[in-house]
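Chemist: Please see the structure below; I have some questions.
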């Protein structure tokens, strides 16, 4: 019965697998224990498929731990075999899908022959007398298997269940689905005397009433019921200068250097520092700009740029502004521009 459960779970897990059955790279880690549940050093390990084809070999360390790193396997059922010159042989079945595998192998005092050839049958069951009213033709438990084989079946079933549980993850929500979700564009937040808070867009305001468009329709409030009304602002990027710029003055140019920081709640894209120079008569004496060196970002248009700045991040800049011929720079202005895109 245990064997039937194992193959049922195996079919359930791999019913969703990729039909192309391409090899994948995974890590197989675990620990080898003796009958006293202690780690065994020097156990020779090998991974085989159902056709007895070998795919990798390893050896346990001092505490019994082992690692098969970046091993290429086709999703399916495999067998981990371990052999120790003093403690004997052991094996464990496991399933490979798209996740790493964590195994525990028990080494017992037995040779490398299949467990079925070493079975020690239990004493025969007492023959049921004719006076018995119940007659059992088949038992629910297979007494032909010894306890060691039964333990291996249970360990193998645990590996299958772990693999099935790892598949139960949250589905990936694509950008197409997110774009279908309409988010209300509310601009005001109204707090009433009874503690109720209403969000919506202000349509009309008079001396005595407020008309607010909400998600449930248009509502009219008397001003005497309103405690406070605030404007709602969407979370967005906000890039500021984190310190005063350091300026190098030259006859034909000025070099501005410093740092900028995104103090907003959303990533700022294509952040640019702009510097303008003016003479004593407020005429332009020079102007230039530079994109900051920020976070590398891949946009939906497949554009790759490193001019974005995530919330809380800081980036340096260094901008050289040439002075127009015949002009003398007396003062300057600095500005930061950015965009918000996907």
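Residue numbers (the working numbering): 1 to 342. Cβ atoms here follow ideal geometry from the backbone N, Cα and C, with glycine treated the same way. Quick caveat: nothing in here was measured; it's all calculated off a predicted structure.
Do residue 343 and residue 204 have their C-beta atoms closer together than 8 Å?
Modeler: One cannot answer for residue 343 here, as it falls past the ends of the chain, which runs 1 to 342.
Chemist: What's the call for residue 285, buried or exposed, on a 16-neighbour Cβ count within 10 Å?
Modeler: The residue in question, residue 285, is buried, as its Cβ has 16 or more Cβ neighbours within 10 Å.
Chemist: Take every Cβ of the segment 319–338, pair it with every Cβ of the segment 222–235, and state whether three or more of those distances are shorter than 8 Å.
Modeler: Output reads no: the segment 222–235 does not touch the segment 319–338.
Chemist: Can you tell me whether residue 216 is helix, strand or coil according to DSSP?
Modeler: In the structure shown, residue 216 sits in coil (DSSP, three-state: anything other than H, G, I, E or B).
Chemist: Look at the alpha carbon of residue 313 and the alpha carbon of residue 67, and state the distance between them as a whole number of angstroms.
Modeler: Each residue's Cα considered, the two are about 38 Å apart.
Chemist: Looking at the strands, I want to know which residues DSSP matches up with residue 329.
Modeler: DSSP output for residue 329 lists no bridge partner at all.
Chemist: If you follow the beta strand (DSSP E) that residue 190 is part of, which residue opens it and which one closes it?
Modeler: That run of the beta strand (DSSP E) goes 188–192.
Chemist: How about residue 64 and residue 93: do their beta carbons lie closer than 8 Å?
Modeler: No, these two residues do not count as a Cβ contact at 8 Å.
Chemist: With 16 other CB atoms within 10 Å as the buried threshold, where does residue 339 fall?
Modeler: Burial call: exposed.
Chemist: Would you kindly report the start and end of the unbroken beta strand (DSSP E) that includes residue 316?
Modeler: Element bounds for residue 316: 314–322.
Chemist: Between which two residues does the beta strand (DSSP E) holding residue 93 run?
Modeler: Segment 88–96, the beta strand (DSSP E) holding residue 93.
Chemist: Is residue 46 close to chain D, meaning its C-beta is less than 8 Å from at least one C-beta of that chain?
Modeler: The chain inventory of the structure shown lacks chain D, comprising one protein chain alone.
Chemist: Could you check whether the Cβ of residue 210 sits closer than 7 Å to any heavy atom belonging to the ligand MG?
Modeler: With respect to small molecules bound, the structure shown includes none, and the ligand MG cannot be examined in it.
Chemist: Measure the beta-carbon distance from residue 260 to residue 298 and round it to whole angstroms, keeping in mind my assumption that it falls under 8 Å.
Modeler: Residue 260 to residue 298, Cβ: 22 Å. No contact.
Chemist: Please state whether DSSP places residue 223 in a helix, a strand or coil.
Modeler: In the structure shown, residue 223 sits in a helix (DSSP, three-state: H, G or I).
Chemist: According to DSSP, is residue 117 helix, strand or coil?
Modeler: Only weak support exists for where residue 117 lies, its pLDDT of 36 falling under 50; the value from the coordinates is given anyway. Note: residue 117 maps to helix in three-state DSSP.
Chemist: Would you mind sorting residue 180 into buried or exposed? The rule is 16 or more other CB atoms within 10 Å of its CB.
Modeler: Residue 180 should be labelled exposed.
Chemist: With 16 as the cutoff for other CB atoms within 10 Å, does residue 264 come out buried or exposed?
Modeler: Under this definition residue 264 is a buried residue.
Chemist: Express the C-alpha separation of residue 165 and residue 115 in angstroms, rounding to a whole number.
Modeler: With a pLDDT of 40 at residue 115, under the threshold of 50, the modelled position of this residue cannot be trusted; read the value that follows with caution. Looking at the two C-alpha atoms, the distance is approximately 29 Å.
Chemist: My output table needs one value for residue 242: the three-state DSSP class, helix, strand or coil.
Modeler: In the structure shown, residue 242 sits in coil (DSSP, three-state: anything other than H, G, I, E or B).
Chemist: Pull up the CB-CB distance for residue 90 and residue 106, whole angstroms please, since I reckon it's below 8 Å.
Modeler: Sure, about 5 Å apart at Cβ, within 8 Å.
Chemist: Distance check for residue 108 and residue 152, CA to CA, integer angstroms please.
Modeler: Approximately 11 Å between the Cα atoms of the pair.
Chemist: Confirm, please, whether the CB-CB distance from residue 33 to residue 82 is below 8 Å.
Modeler: The answer is no: Cβ separation not under 8 Å.
Chemist: Just mark residue 163 as buried or exposed, buried being the case when its beta carbon has 16 or more other beta carbons within 10 Å.
Modeler: Looking at its Cβ environment, which holds 16 or more other Cβ atoms inside 10 Å, residue 163 is buried.
Chemist: Give me the Cα-Cα distance between residue 149 and residue 311, rounded to the nearest whole angstrom.
Modeler: If you take the alpha carbons of residue 149 and residue 311, they lie about 57 Å apart.
Chemist: Using a 10 Å radius around the Cβ and a threshold of 16 neighbouring Cβ atoms, would you call residue 228 buried or exposed?
Modeler: By the 10 Å Cβ count, residue 228 comes out exposed.
Chemist: Roughly how many angstroms lie between the CA atoms of residue 276 and residue 328, to the nearest whole one?
Modeler: Roughly 13 Å separates the two Cα atoms.
Chemist: For my contact list, residue 97 and residue 75 are in at a C-beta cut-off of 8 Å; report their separation, rounded to the angstrom.
Modeler: That pair is a contact at about 5 Å.
Chemist: Does residue 100 come out as helix, strand or coil in the three-state DSSP assignment?
Modeler: Here residue 100 sits in coil by DSSP.
Chemist: Report yes if the CB atom of residue 95 is closer than 8 Å to the CB atom of residue 160, and no otherwise.
Modeler: Contact flag set, yes.
Chemist: Under the assumption that residue 56 contacts residue 71 (Cβ atoms under 8 Å), give the Cβ distance between them as a whole number of angstroms.
Modeler: About 5 Å; that satisfies the 8 Å criterion.
Chemist: Quick check on DSSP: helix, strand or coil for residue 32?
Modeler: Three-state result, residue 32: strand.
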